[in-house]
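Participant:
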Amino acid sequence: MIFTAIKSAVAAVYAISPIVAQDAKQSPSYFNPQMAITGNFVGTLSDSSGEPRKFDFREIEFGFAADADPHLKVEAYIAIAKENGETVVEVEEAFGRYANIGHGITLKVGKIAAAVGRVQRNHGDQLNYLNYPLVIRDVLGDEGFRQPGISISYLLPGDRFNEFTIEVLDSDPELPVFNGATLAAPALAGRYRTFVDFSEDLSAQFGASYLSAKRLMKGGDTQASVVGIDAVMKWHPGAAGKSANFEAEAYWTKPGTGEETAFGYFIRGTYEVMPRLFVTAGFDSSEIPGTSDSHRSHLVGIALKPTEFHHWRLECEQITSNFEAKRSLLSFQFQWTIGAHPAHKY
Amino acid sequence: MDNRGSPSAQVLIMKRLLITSVFGMLFAGMADAKLTVITTTADLASLVKEVGGDRVQVSSLITGARDPHRIEAKPSYMSKAAGASLWVAIGLELEVGYESAILDGSRNPKIRVGAPGHVYAGSWVKVLGIPTGQVTRAQGDIHPYGNPHIWLDPYNGRIIARKLADKMGSLDGGNAQFFDRNAESFVKRLDYAMFGADLVNEFGGDQLWAWDNAGDLAATLRGKNALNDLAGWAGKMLKFRGQPVVTYHRSWTYFLNRFDLKVVTELEPKPGLDPSPGHVASVIRTVQANRVKVIIQEPFYSTKNGQFVAERAGSNLVVLPGSVGHDAAARDYISLFDTIISRLSAALGRQ
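Top line first, the protein sequences correspond to chains A and B. Counting in our numbering, the first sequence runs from 2 upward without gaps. Counting in our numbering, the second sequence runs from 188 upward without gaps.
#1: Grouping DSSP H, G and I as helix and E and B as strand, with all else coil, what is Thr258(A)?
#2: Using the three-state DSSP reduction, which class does Ile521(B) fall into: helix, strand or coil?
#3: Looking at the unbroken beta strand (DSSP E) that takes in Thr39(A), where does it start and where does it end?
#4: Report the rounded CA-to-CA distance for Ala260(B) versus Asp198(A), giving the unit in angstroms.
#5: Checking contacts by CB at 8 Å: is Ser200(A) closer than that to chain B?
#6: Which chain B residues sit within Cβ distance under 7 Å of His124(A)?
#7: Could you check if Ser30(A) is buried or exposed, using at least 16 other CB atoms within 10 Å of its CB as the buried criterion?
#8: Quick check on Gly97(A): does DSSP put it in helix, strand or coil?
#9: So which residues on chain B does Tyr351(A) lean against when the C-beta distance must stay under 7 Å?
#10: Anyone know if the C-beta pair for Val238(B) and Leu351(B) falls short of 8 Å?
#11: Could you work out which residues of chain B lie near Pro174(A), taking near to mean beta carbons separated by less than 7 Å?
#12: Mind listing the chain B neighbours of Ile106(A)? Cutoff is C-beta to C-beta under 7 Å, in chain order.
#13: Which chain A residues are close to Val314(B), counting only those with a beta carbon under 8 Å from its beta carbon?
#14: Quick check on Leu73(A): does DSSP put it in helix, strand or coil?
#15: Taking a contact to mean a Cβ-Cβ separation below 8 Å, would you say Phe179(A) touches Arg194(A) in this structure?
#16: Would a check of beta-carbon distances place Asp230(B) closer than 8 Å to chain A?
#17: I need the DSSP call for Trp236(A), collapsed to helix, strand or coil.
#18: Taking DSSP as the reference, what is the three-state secondary structure of Lys79(A)?
#19: Give every residue of the same chain whose Cβ lies closer than 6 Å to the Cβ of Val312(B), excluding the five residues on either side of it in the sequence, and list them in chain order.
#20: Tell me whether the beta-carbon of Lys235(A) lies closer than 8 Å to the beta-carbon of Ser204(A).
#21: How many angstroms separate the CA atom of Thr262(A) from the CA atom of Lys255(A)?
#22: Comparing alpha-carbon positions, which option in Arg537(B), Leu523(B), Ala269(B) and Ala384(B) lies nearest Ser502(B)?
#23: List the residues of chain B whose Cβ lies closer than 8 Å to the Cβ of Asp143(A), in chain order.
#24: What does Thr195(A) pair with, by DSSP beta-bridge criteria?
#25: When DSSP labels each residue in this structure, what does Ala67(A) get in the three-state scheme?
#26: Does the beta-carbon of Gly320(B) have 16 or more other beta-carbons within 10 angstroms, so that it is buried, or is it exposed?
#27: If the cut is a Cβ gap below 8 Å, which residues of chain B does Ser204(A) touch?
#28: Check whether the Cβ atoms of Gly103(A) and Pro318(B) sit closer than 8 Å, and answer yes or no.
#29: Near Lys346(A), which residues of its chain fall below 6 Å by C-beta distance, leaving aside the five closest residues on each side in sequence?
#30: Comparing the C-beta of His237(A) with each C-beta of chain B, is any distance below 8 Å?
#31: Report buried or exposed for Ser438(B), applying the criterion of at least 16 other Cβ atoms within 10 angstroms of its Cβ.
#32: Please classify Trp253(A): does DSSP put it in a helix, a strand, or coil?
#33: Let me check you understand the geometry: is the CB of Arg98(A) closer than 7 Å to at least one non-hydrogen atom of the ligand SAM?
#34: With DSSP as the reference, label Arg269(A) as helix, strand or coil.
#35: Could you tell me which chain B residues have their CB closer than 8 Å to the CB of Gly159(A), listed as they occur along the chain?
#36: Rounded to the nearest angstrom, what separates Arg216(A) and Gly257(A) at their Cα positions?
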């Protein structure tokens, strides 16, 4: 069924007449991609675990976007990141998107952030806090689930936003949910999301996701699966300098047939207490799949965003668990963006 | 043999009824099909309504109460845009933070950039405020292609209405003449509102705008002994020409240029930056030195700094609707200017 959908989508792409640019003005950089560079620096002011204090770049992300031709738009996000003290180059996402197929269909091919939940699809620099919530890290990895594959999403006709997404992605045995097992088949992901405008100021998005992959085990094949629900509510009145948002997600993870289901969730709220000054508070709880371990986190942070292009953040997080001593962290972040104007994503 | 009552005949009749109903509904739908237009701002939506009347279905992404720079790409905007045949945006990077995400999310090839159903009104008018020299973000959140607040010059509204009629007529040929008639009717009402009916009937709107664009309106009318007949917005604002004003954001460039008011400084030290105490102190000095009577800002900015400057420097803070619907009185494009000019002229006229 998926391959039939892909076939019809590809056929539709080539049925569309190429779009001809109407603006005759050209400059030598006309065909250059839009480019943005984001620097994300994080420092630890205090860590009760005894880890040495440090101030280092977490990642420098290079983002590129351009129309490749009348059919295809390409986006690529490449990060130079620090991982366990090593500097590595990572392709966070790189995909082509056919968005002018029509009939409500979008097709993406390449390395993509899986359509699982909402927060993990955002890049780290787009979060209102320093790290992805515990449950995302425990189930989908420190940077979320980003793998090569194909994604088809369908926007239902009508005034209300209703979108279905189905993805076939290369499985990553290093993902916590797959726990190092040999994977017999690609992972399948699916998501539904809907959106409600309660008023021009107040709106919310609700989503439900499913991720599954077959694992080869000594005792026979088994199926790992994740079910998630997510919600975000935003209040943006017309007046400048006032905003609030609240986000929550919950995940039920089954690492294999007959294994215990691990449950985790987080809630986070951010309020603009005065223009450009944001306070964030959150609570996470997560059972680590395939183990009897669990941990919880409380965090509070404050961010000063003088413009859209840079901010300072101070965050205090306390993590308690049944497998290590309580840990308290006080960290700060300095982040900037140069180049193309950042997208105002919902 | 009459077999109308037999089961096969009943099935045949049912099939014909079904086919007739389906085609009936289909063609009824086609007959009622209206051109669906999405605009990014309420001002553009008002102009589309003037031109399209009841033969278009138009909606704006935002009401006039929102700051068009700070909009998020809400999924509901994507659904709105999904069924549109025409997307009308300002351009000049006013919608840079959200247009691309909405168009991609709409999956609507008819309104993608470069498609016949996508237009930037900013490409139809003379753009002001194009930065010269090197452009960097050290200058604030500037627009490299020029100031995007084009709708605040009524002359631009006139141009946009006519261009919209052409564009909408090209997409819906059956209503092209209707759109042209509506655009001309709107242009005439706009001209009457700007110059007064007597002068428009005597010289024609095009001629009056040409004199005004050349900066010769008052002199030319004086030479023709017709200056006393100048009414409307131009008549009300005539005596204030050359007066200094302060604005909060650089959003009034087109309006002030049209009515020849001079901006001596802005409350924002640079576009997009909040006023700092040091800058506010410098604004107070500038207001006092230039005897500025009026500080202009839109309702979505905090009035705290403007009020402070007005009190300290002996000026007046005037909160003006910057868009249609921003204020109950500014219900459409023409009443937007009625409201702005009525409040502004009252404030400028105060001793």
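Quick reminder that beta carbons are idealized off the backbone N, C-alpha and C, glycines included. Note that this is a predicted model, so its numbers are computed, not measured.
Facilitator: In terms of the structure at hand:
#1: coil
#2: helix
#3: Gln35 to Asp48
#4: 13 Å
#5: no
#6: Correct list: empty, because the minimum Cβ distance to chain B is about 15 Å.
#7: exposed
#8: strand
#9: Outside the shown range of chain A, which is 2 to 347, sits residue 351(A), and nothing can be said about it.
#10: yes
#11: Simply none; closest approach about 32 Å.
#12: Arg294
#13: Within 8 Å Cβ-Cβ: nothing; Val314(B) doesn't reach chain A, min ~12 Å.
#14: coil
#15: no
#16: no
#17: strand
#18: Residue identity differs from the one stated: residue 79(A) is Ile in this sequence, not Lys. Three-state DSSP puts Ile79(A) in a strand.
#19: Ile337, Asn343 and Ile346
#20: yes
#21: 5 Å
#22: Arg537(B)
#23: None at all; the shortest Cβ gap to chain B is about 26 Å.
#24: Asn163(A) and Phe207(A)
#25: strand
#26: exposed
#27: Lys261 and Ser263
#28: no
#29: none
#30: yes
#31: buried
#32: strand
#33: Within the structure as shown, the ligand SAM is missing, as the structure has no ligands at all.
#34: strand
#35: Ser266
#36: 8 Å
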